[in-house]
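Notes for the one structure printed next.
Number of protein chains: 2
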Amino acid sequence: MSDLTTTPRRPRRHDPGRRDRLIDAALTVIAERGVAGTTHREIARVADVPLGSMTYHFASLDEVLAEAFTRHAESVARVFDERLGAAQDRDAAVEAVITLVSDDLLGSRHDLILTVELYVAAARKPALKAVTQAWMRRSRQALERHFDVTTARELDALIEGLVLHSALSTEPMTPEQIRHAVDRYLR
Amino acid sequence: MSDLTTTPRRPRRHDPGRRDRLIDAALTVIAERGVAGTTHREIARVADVPLGSMTYHFASLDEVLAEAFTRHAESVARVFDERLGAAQDRDAAVEAVITLVSDDLLGSRHDLILTVELYVAAARKPALKAVTQAWMRRSRQALERHFDVTTARELDALIEGLVLHSALSTEPMTPEQIRHAVDRYLR
DNA sequence: ATTGCATGTGTACGCTCGTACACATGACCA
DNA sequence: TGGTCATGTGTACGAGCGTACACATGCAAT
Numbered sequence: 000m001s002d003l004t005t006t007p008r009r010p011r012r013h014d015p016g017r018r019d020r021l022i023d024a025a026l027t028v029i030a031e032r033g034v035a036g037t038t039h040r041e042i043a044r045v046a047d048v049p050l051g052s053m054t055y056h057f058a059s060l061d062e063v064l065a066e067a068f069t070r071h072a073e074s075v076a077r078v079f080d081e082r083l084g085a086a087q088d089r090d091a092a093v094e095a096v097i098t099l100v101s102d103d104l105l106g107s108r109h110d111l112i113l114t115v116e117l118y119v120a121a122a123r124k125p126a127l128k129a130v131t132q133a134w135m136r137r138s139r140q141a142l143e144r145h146f147d148v149t150t151a152r153e154l155d156a157l158i159e160g161l162v163l164h165s166a167l168s169t170e171p172m173t174p175e176q177i178r179h180a181v182d183r184y185l186r
Numbered sequence: 000m001s002d003l004t005t006t007p008r009r010p011r012r013h014d015p016g017r018r019d020r021l022i023d024a025a026l027t028v029i030a031e032r033g034v035a036g037t038t039h040r041e042i043a044r045v046a047d048v049p050l051g052s053m054t055y056h057f058a059s060l061d062e063v064l065a066e067a068f069t070r071h072a073e074s075v076a077r078v079f080d081e082r083l084g085a086a087q088d089r090d091a092a093v094e095a096v097i098t099l100v101s102d103d104l105l106g107s108r109h110d111l112i113l114t115v116e117l118y119v120a121a122a123r124k125p126a127l128k129a130v131t132q133a134w135m136r137r138s139r140q141a142l143e144r145h146f147d148v149t150t151a152r153e154l155d156a157l158i159e160g161l162v163l164h165s166a167l168s169t170e171p172m173t174p175e176q177i178r179h180a181v182d183r184y185l186r
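Chains as they are written, first to last, in numbering that gives the first Met the number 0: chain A, 0 to 186; chain B, 0 to 186.
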């Protein structure tokens, strides 16, 4: 018992990669409390670092948000690329889309919420609008490896709708229902 | 010049329907600044009433949000009902859906933003989740007047996707593109 | 071994916010 | 016409926020 009267002053030091951990912590906070509830103090608490560390690593809270959402978009886009890149023909691509929606997109409530949070945040902050648009362009290009331009765009919209609709409903669509919707549209 | 030294003390009185005006002002503020930027003070400024008037008419800020979003959902749902109710056969219903998306939903950027804002807010506040779910149920029932249950649900998702996709893109889909997507799915 | 400097830490400042609450006033009813 | 009270108004308070900044510390280069 030595820290009851004086401030403890943490001994912690030498934490390489802390900046990365802070970005991950930011994503956790955004998913749990929303962008509105995301503060320097809350991120620091989750990452278990002092408040001062935030202002050292980031110039502003907007910078944190931009880096966090960029990481999220990159992560989802990579899965998109991989699934569609592995498909050899159109039928396989259709299966890839079904798996993508059922497993990858609807499988993680965390990612789902992050996506919607990004959408509204992008409506106000230009830096985030750029992130979403780059993401959209990339996923549409991935679809164009197997489908014509018009189909790719429409399919992209359908995917968006299926995901969002499921996310907000009390009874999310089952994999069978997803398959039915995609099949009906593509075959 | 008599109000430079002392507080002006507004003479205003007798403003029936002020509560309604405040709810409308809240919708304006939400659309312009987002739920996060919606405060008692900002709503009061837009409606040109003193701050104290907010706490008189509403028990909390959440109550304001709930009433505002309920009004928004009701307003959109009514248009939905009207368009589909007027359709006499399936072909007319398809046209109604196309008009609905192209004109009503995509026509108003104001309403579009309100809808997305409602979606994320509903993820945190149970009262708002109830609002979105009642809304979804109602629009699906409107579609079921002309389409079978499965088609109605899938069509609802497609509409959601088309709207959201257009809302976030730099180049929103044209009415022709909307028509093409809906036609492909329904005919 | 010394020291410079990137990294890490604690705290203070000014601001805006939701909410509470005391006071004003005029429409309506007896 | 006089009084009541729902409605309208101004202001204060405590909390949480972003950010700035002075101080600590140990790795690396000399």
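Ideal Cβ placement from N, Cα and C applies to all residues, glycine included.
Just so we're clear, the structure is a prediction, and the values are computed from it rather than from any experiment.
Quick check on the DSSP output: the alpha helix (DSSP H) that includes residue i runs from which residue to which?
i: D182 (chain A); result: P174 to L185
i: T38 (chain B); result: Looking at the DSSP string, T38 (chain B) is not in any alpha helix (DSSP H), and its letter there is neither H nor E.
Taking DSSP as the reference, what is the three-state secondary structure of residue i?
i: D88 (chain A); result: coil
i: G33 (chain A); result: coil
i: A58 (chain B); result: coil
i: A122 (chain B); result: coil
i: T150 (chain B); result: helix
i: E170 (chain B); result: coil
i: H145 (chain A); result: coil
i: G106 (chain B); result: helix
i: H164 (chain B); result: helix
i: D47 (chain B); result: coil
i: H13 (chain A); result: coil
i: T5 (chain A); result: Note on T5 (chain A): pLDDT 49, under 50, position unreliable in the model; the coordinate value appears next. The answer is coil: DSSP assigns T5 (chain A) none of H, G, I, E or B.
i: D19 (chain A); result: helix
i: M0 (chain B); result: Summary for M0 (chain B): the model assigns pLDDT 39, below 50, so the residue's position carries little reliability; its value from the coordinates is reported in the next sentence. M0 (chain B): coil per DSSP, three-state reduction.
i: V63 (chain B); result: helix
Contact defined as beta carbons within less than 8 Å: I believe residue i pairs with residue j. What is the distance between those atoms, to the nearest angstrom?
i: H145 (chain B); j: A86 (chain B); result: 6 Å
i: G221 (chain B); j: I158 (chain A); result: One cannot answer for residue 221 (chain B) here, as it falls past the ends of chain B, which runs 0 to 186.
i: A151 (chain B); j: L142 (chain B); result: 4 Å
i: F79 (chain B); j: S138 (chain B); result: 5 Å
i: L104 (chain A); j: P171 (chain A); result: The pair is not a contact, with the Cβ atoms about 11 Å apart (cut-off 8 Å).
i: S101 (chain B); j: P174 (chain B); result: 4 Å
i: W134 (chain A); j: A76 (chain A); result: 6 Å
i: R17 (chain B); j: H71 (chain B); result: That belief does not hold up - the Cβ atoms of R17 (chain B) and H71 (chain B) are roughly 19 Å apart, past 8 Å.
At least 3 beta-carbon pairs within less than 8 Å: the segment 20 to 28 of chain A vs the segment 43 to 54 of chain A
The answer is yes - the segment 43 to 54 of chain A touches the segment 20 to 28 of chain A, with three or more Cβ pairs under 8 Å.
Should the segment 158 to 178 of chain A be regarded as contacting the segment 116 to 133 of chain B, the criterion being three or more beta carbon pairs within less than 8 Å?
Taking 8 Å as the limit for Cβ pairs, the verdict is that the segment 116 to 133 of chain B does touch the segment 158 to 178 of chain A.
Tell me, please, whether the segment 46 to 66 of chain B touches the segment 94 to 110 of chain B by the rule of three or more beta-carbon pairs shorter than 8 Å.
Taking 8 Å as the limit for Cβ pairs, the verdict is that the segment 94 to 110 of chain B does not touch the segment 46 to 66 of chain B.
Name, going along the chain, the residues of the segment 122 to 137 of chain A whose beta-carbon falls closer than 9 Å to a beta-carbon of chain B.
Going along the segment 122 to 137 of chain A in chain order, one finds A122, R123, K128, T131, Q132 and M135 with a Cβ nearer than 9 Å to chain B.
Is there contact between the segment 107 to 125 of chain A and the segment 106 to 126 of chain B, where contact requires at least three CB pairs shorter than 8 Å?
Because the criterion of three Cβ pairs below 8 Å is met, the segment 107 to 125 of chain A and the segment 106 to 126 of chain B touch.
Interfacial residues, the segment 96 to 115 of chain A to chain B, with Cβ spacing under 7 Å
Those would be I112 and V115, in chain order.
Residues from the segment 138 to 165 of chain A in contact with chain B, defined by Cβ distance under 9 Å
Legend: CB atoms of the segment 138 to 165 of chain A lying less than 9 Å from CB atoms of chain B belong to residues T149, T150, R152, E153, D155, A156, L157, I158, E159, G160, L161, V162, L163, H164 and S165.
Chain-ordered residues of the segment 22 to 33 of chain B with a beta carbon less than 9 Å from chain A
Those would be R32 and G33, in chain order.
Contact set between the segment 44 to 73 of chain A and chain B, restricted to residues whose Cβ is under 7 Å from the partner:
Under the 7 Å Cβ criterion, the segment 44 to 73 of chain A contributes no residue.
Mind checking the segment 165 to 182 of chain B against chain A and listing, in chain order, the residues whose C-beta falls within less than 9 Å of any C-beta there?
Near chain A, meaning a CB-to-CB distance below 9 Å, the residues of the segment 165 to 182 of chain B are S165, A166, L167, S168, T169, M172, Q176, H179 and A180.
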